[in-house]
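Trainee: FYI, the numbering for the sequence shown is 239 to 366, going by the numbering used here. Glycine included, each C-beta is placed from N, C-alpha and C at the ideal position.
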Amino acid sequence: MTIDLGVQHQYADLGDVMLHYVLAGEGPPVVLLHGWPQTWWEWRHIIPVLAKNYTVIAPDLRGLGDSSRPIGGYDKMTVANDIWKLVSDELGYSSFLLVGHDWGGPTAYALAASHPQAVEKLVILDVV
């Protein structure tokens, strides 16, 4: 059985890591950061709903899913920097909404703390 979520699978070469991410919808960008040990697929029920009004960006964090698995860089600041490079440098957004679940929560918080001008809204769910 194939489920069509209307997403586009993309890759971004960020130098020390290759991030896989999915894009869906049009509108203001919302970034969804999954938990451990999950992938973008965690958001499969949310993406179609959000994509009606937003550009949804759901990456596989470094070392998970279809993203590459470098030897190091698994601290929250490095992973947050991966997401910053993806959203600002690769996709060209200067501001966005940010949602983090589980391990994505501390990563989202680190990203918001280091780039407060860019994160318009921050949602953190079920953090460990």
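Restricting to Cα atoms, I'd like to know which of Ala289, Lys290, Pro308 is closest to Val255.
Mentor: Pro308
Trainee: For Val269 versus Leu363, is the C-beta spacing smaller than 9 angstroms?
Mentor: For Val269 and Leu363, no; Cβs fall outside 9 angstroms.
Trainee: Here's a check: name, in chain order, each residue in its chain whose Cβ is nearer than 7 angstroms to the Cβ of Val365, leaving out the five neighbours to either side.
Mentor: Asp340, Gly343, Pro344
Trainee: Buried or exposed: which applies to Pro267, given that a residue is buried once 16 or more other Cβ atoms fall within 10 Å of its Cβ?
Mentor: buried
Trainee: For Glu264, which of helix, strand or coil comes out of DSSP?
Mentor: Three-state DSSP puts Glu264 in coil, outside helix and strand.
Trainee: What is the rounded straight-line gap between the Cα of Gly244 and the Cα of Ser352?
Mentor: 32 angstroms
Trainee: Quick one: Cα of Leu271 to Cα of Glu280, how far?
Mentor: 9 angstroms
Trainee: Taking its Cβ as the centre, do 16 or more other Cβ atoms sit within 10 Å of Asp298, making it buried, or is it exposed?
Mentor: That one is buried.
Trainee: In the DSSP assignment, find the unbroken beta strand (DSSP E) run with Gly338 in it and report its ends.
Mentor: 334-339
Trainee: Hey, how far is the Cα of Ser326 from the Cα of His247?
Mentor: 18 angstroms
Trainee: Please check the pair Leu252 and Leu324, which I expect to be a contact at CB under 8 angstroms, by giving their CB distance rounded to whole angstroms.
Mentor: 7 angstroms
Trainee: Can you look up Val317 in the DSSP assignment and give me helix, strand or coil?
Mentor: helix
Trainee: What is the DSSP secondary structure of Val255, counted as helix, strand or coil?
Mentor: coil
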